[in-house]
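Asker: Have a look at this one.
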Amino acid sequence: MPGERENKVSFLQDLNWRLEAAAFKGLFGFLRLMGVERASGFGGKLLRTLGPLTGTHKTVTRNLRIAFPDMDPAERNRLAVEQWEQTGRTFAELAVMDRLTPDSGRIDLVGMERLRAVRDSGRPVVLISGHLANFEVMAAVIMAAGVPCQVTYRAANNPYVDALIRHSRERYGIKLFAPKGDGTRELMAGMKRGESIALLVDQKYSQGPEVEFFGQPVNASPGAARMALKFGTVMQPLSVVRLPGVRFRVTAHEPIIVADTGDKAADVKAGVQAANRFVEDRVREHPVDWFWVHKRWPPQVYEALRASEA
Numbered sequence: 001m002p003g004e005r006e007n008k009v010s011f012l013q014d015l016n017w018r019l020e021a022a023a024f025k026g027l028f029g030f031l032r033l034m035g036v037e038r039a040s041g042f043g044g045k046l047l048r049t050l051g052p053l054t055g056t057h058k059t060v061t062r063n064l065r066i067a068f069p070d071m072d073p074a075e076r077n078r079l080a081v082e083q084w085e086q087t088g089r090t091f092a093e094l095a096v097m098d099r100l101t102p103d104s105g106r107i108d109l110v111g112m113e114r115l116r117a118v119r120d121s122g123r124p125v126v127l128i129s130g131h132l133a134n135f136e137v138m139a140a141v142i143m144a145a146g147v148p149c150q151v152t153y154r155a156a157n158n159p160y161v162d163a164l165i166r167h168s169r170e171r172y173g174i175k176l177f178a179p180k181g182d183g184t185r186e187l188m189a190g191m192k193r194g195e196s197i198a199l200l201v202d203q204k205y206s207q208g209p210e211v212e213f214f215g216q217p218v219n220a221s222p223g224a225a226r227m228a229l230k231f232g233t234v235m236q237p238l239s240v241v242r243l244p245g246v247r248f249r250v251t252a253h254e255p256i257i258v259a260d261t262g263d264k265a266a267d268v269k270a271g272v273q274a275a276n277r278f279v280e281d282r283v284r285e286h287p288v289d290w291f292w293v294h295k296r297w298p299p300q301v302y303e304a305l306r307a308s309e310a
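At position 92 of the sequence shown (counting the first as 1) the number is 92 in full-length UniProt numbering, and the numbers step up by one without a gap.
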């Protein structure tokens, strides 16, 4: 909470945070006035224009070459630009997420009997996915299905902006937050109470086991598989695809069972690999929807790519 940090920062830092938050609040207010269609389109056009001019665009193109080495270069370049539009739309849509719930009529639902079964069972599961399309939409679907669930999130550095983001999520039903990194205790306590947890499993985690992603080694978070194994439950994969007209399709896929063979380390690694394979399959189906702007692979993979280009 902002008040908890104010005593630990200088006056100038706190002032800077407040000014940033005021600008952020103004932007969100502007986007809400625009409405869903225009806000999404504005965000998409803005980042489609500016994104390729940033240094991050180099990360995007390198990631695409790692994932799709045999793809036609012109197609990769097209994807590199179009993924910026998806990222811009997703950011702008955060301001209007309360208008992108199942009740809005903008979300096609597939396999929702699986979420209803989780809700009715009273037992927790580990809901998993990746940074696909507007991944906030999946959280909105979980909430609308009535599944008691803690959603992990990475807190913004600016505590006032963080409070605004949390408020925007509360508008569409998220009440239980668990911070990434130091939120394990909250997650475990919640699962003991019968609350499910929702995790995005496709970002770099240097301390995690090494598995394969697009044919290359990656270190991935073991949290989802470890929790499923500890509580004797399944990983329930979800995916979201962006459709024309600011519409989405959310699918609840076949649950992933984390086998308990007695070899905990091996069982967790197998679960982590299964989760990352699920994300890879979804990215291959709709590559433009993935969040290509972060460095997913370890340094040696990027070094090998640069060496091959020399």
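Using N, Cα and C, we set each Cβ at its ideal position, and we do this for glycine too.
These figures come from a predicted structure and were not determined experimentally.
Determine the closest residue to S254 out of L50, T56 and V125, with distance taken between C-alpha atoms.
Answerer: Your numbering for residue 254 matches position 254 in the sequence shown. The residue you asked about is not Ser; residue 254 is Glu in the sequence shown. Among L50, T56 and V125, the Cα nearest to that of E254 belongs to V125.
Asker: Pull up the distance between the alpha-carbon of F214 and that of I66, whole angstroms please.
Answerer: The residue labelled residue 214 in the question sits at position 214 within the sequence shown. The residue labelled residue 66 in the question sits at position 66 within the sequence shown. Rounded to whole angstroms, F214 to I66 spans 8 Å at the Cα level.
Asker: Under the three-state reduction of DSSP, which class applies to D260: helix, strand or coil?
Answerer: Your numbering for residue 260 matches position 260 in the sequence shown. Correct three-state label for D260: coil.
Asker: I need the DSSP call for P244, collapsed to helix, strand or coil.
Answerer: Here residue 244 refers to the residue found at position 244 when the sequence shown is read from its first residue. Coil.
Asker: Give a yes or no on contact between the stretch 251–268 and the stretch 92–101, applying the rule of three or more CB pairs nearer than 8 Å.
Answerer: No: the two stretches stay apart, fewer than three of their Cβ pairs being nearer than 8 Å.
Asker: Would you tell me roughly how many angstroms separate the C-alpha atoms of H131 and L238, rounded to the nearest one?
Answerer: Position 131 of the sequence shown holds residue 131. Position 238 of the sequence shown holds residue 238. Cα to Cα, H131 sits roughly 11 Å from L238.
Asker: Just to confirm, are L164 and K25 a CB contact at a threshold of 8 Å?
Answerer: If you number the sequence shown from 1, residue 164 lands on position 164. If you number the sequence shown from 1, residue 25 lands on position 25. Result yes, Cβ atoms of L164 and K25 sit closer than 8 Å.
Asker: Which residues does DSSP list as the beta-bridge partners of N219?
Answerer: Indexing the sequence shown from 1 puts residue 219 at position 219. E210.
Asker: Going by DSSP, name the residue or residues bridged to A198.
Answerer: Within the sequence shown, the letter at position 198 stands for residue 198. Paired residue(s): L127 and V151.
Asker: Which whole-angstrom value describes the C-beta separation of V268 and A225, a residue pair presumed to lie in contact below a C-beta threshold of 8 Å?
Answerer: What you label residue 268 is simply residue 268 of the sequence shown in a count that begins at 1. What you label residue 225 is simply residue 225 of the sequence shown in a count that begins at 1. 5 Å between Cβ atoms; contact.
Asker: In the DSSP assignment, find the unbroken beta strand (DSSP E) run with V110 in it and report its ends.
Answerer: Residue numbering aside, residue 110 sits at position 110 when the sequence shown is read from its first letter. I107 to V110 is the span of the beta strand (DSSP E), which, as asked, contains V110.
Asker: With three or more beta-carbon pairs closer than 8 Å as the criterion, would you say the stretch 204–219 touches the stretch 87–98?
Answerer: Touching, no.
Asker: Are the stretch 110–120 and the stretch 144–164 touching by the rule of at least three beta carbon pairs closer than 8 Å?
Answerer: Yes, since at least three Cβ pairs between the stretch 110–120 and the stretch 144–164 fall closer than 8 Å, the two stretches touch.
Asker: Quick check: Q273 and L127, are their CB atoms within less than 8 Å of each other?
Answerer: Looking up residue 273 in the sequence shown gives position 273. Looking up residue 127 in the sequence shown gives position 127. No. Outside cutoff.
Asker: By the DSSP assignment, the alpha helix (DSSP H) with V161 in it spans what residues?
Answerer: For the purposes of this step, residue 161 is taken as the residue at position 161 of the sequence shown. Run containing V161: P159 to E170, per the alpha helix (DSSP H) assignment.
Asker: Can you tell which of Q300, V293, F231 and E186 has the C-alpha that lies nearest to the C-alpha of G55?
Answerer: Looking up residue 55 in the sequence shown gives position 55. Considering only alpha carbons, the answer is V293.
Asker: Could you check the C-alpha separation between F68 and A307 for me, to the nearest Å?
Answerer: To locate residue 68, count along the sequence shown from 1; it is residue 68. To locate residue 307, count along the sequence shown from 1; it is residue 307. C-alpha separation (whole angstroms): 17 Å.
Asker: In this structure, does DSSP put K295 in helix, strand or coil?
Answerer: To locate residue 295, count along the sequence shown from 1; it is residue 295. It is coil, neither helix nor strand.
Asker: Among the candidates V246, F248, R249 and G271, whose CA atom is the shortest distance from the CA of K230?
Answerer: Along the sequence shown, read from residue 1 onward, the residue named residue 230 stands at position 230. Closest option to K230, Cα to Cα, is G271.
Asker: Alpha carbon to alpha carbon, how far is A74 from A304? Give it in angstroms, no decimals.
Answerer: Position 304 of the sequence shown holds residue 304. Position 74 of the sequence shown holds residue 74. Cα to Cα, the separation comes out at about 22 Å.
Asker: Between the beta-carbon of Q216 and the beta-carbon of W297, is there less than 8 Å?
Answerer: As a working note, residue 216 is residue 216 in the sequence shown. As a working note, residue 297 is residue 297 in the sequence shown. Yes, the Cβ-Cβ distance between Q216 and W297 is below 8 Å.
Asker: To the nearest angstrom, how far is it from the Cα of V288 to the Cα of G111?
Answerer: Mapped onto the sequence shown, residue 288 falls at position 288. Mapped onto the sequence shown, residue 111 falls at position 111. C-alpha separation (whole angstroms): 23 Å.
Asker: When the Cα of K45 is compared with those of G245, T59 and Q86, which residue comes out closest?
Answerer: Translated into the one-based positions of the sequence shown, residue 45 becomes position 45. For K45, the nearest C-alpha among the options comes from Q86.
Asker: Would you kindly report the start and end of the unbroken alpha helix (DSSP H) that includes H57?
Answerer: Looking up residue 57 in the sequence shown gives position 57. T56 to A67 is the span of the alpha helix (DSSP H), which, as asked, contains H57.
Asker: Measuring only the C-alpha atoms, how far is V161 from N16?
Answerer: Within the sequence shown, residue 161 is the residue found at index 161, counting from 1. Within the sequence shown, residue 16 is the residue found at index 16, counting from 1. So the two alpha carbons sit approximately 11 Å from each other.
Asker: Roughly how many whole angstroms lie between the Cα atoms of H286 and V241?
Answerer: Position 286 of the sequence shown, counted from the first residue, corresponds to residue 286. Position 241 of the sequence shown, counted from the first residue, corresponds to residue 241. Cα to Cα, the separation comes out at about 7 Å.
Asker: Where do the N-terminal and C-terminal ends of the alpha helix (DSSP H) with S104 fall, by residue?
Answerer: Here residue 104 refers to the residue found at position 104 when the sequence shown is read from its first residue. S104 -> no alpha helix (DSSP H), and no H or E assigned at all.
Asker: Tell me whether the beta-carbon of A189 lies closer than 8 Å to the beta-carbon of V201.
Answerer: For the purposes of this step, residue 189 is taken as residue 189 along the sequence shown, with counting starting at 1. For the purposes of this step, residue 201 is taken as residue 201 along the sequence shown, with counting starting at 1. Not a contact, by the Cβ cut-off of 8 Å.
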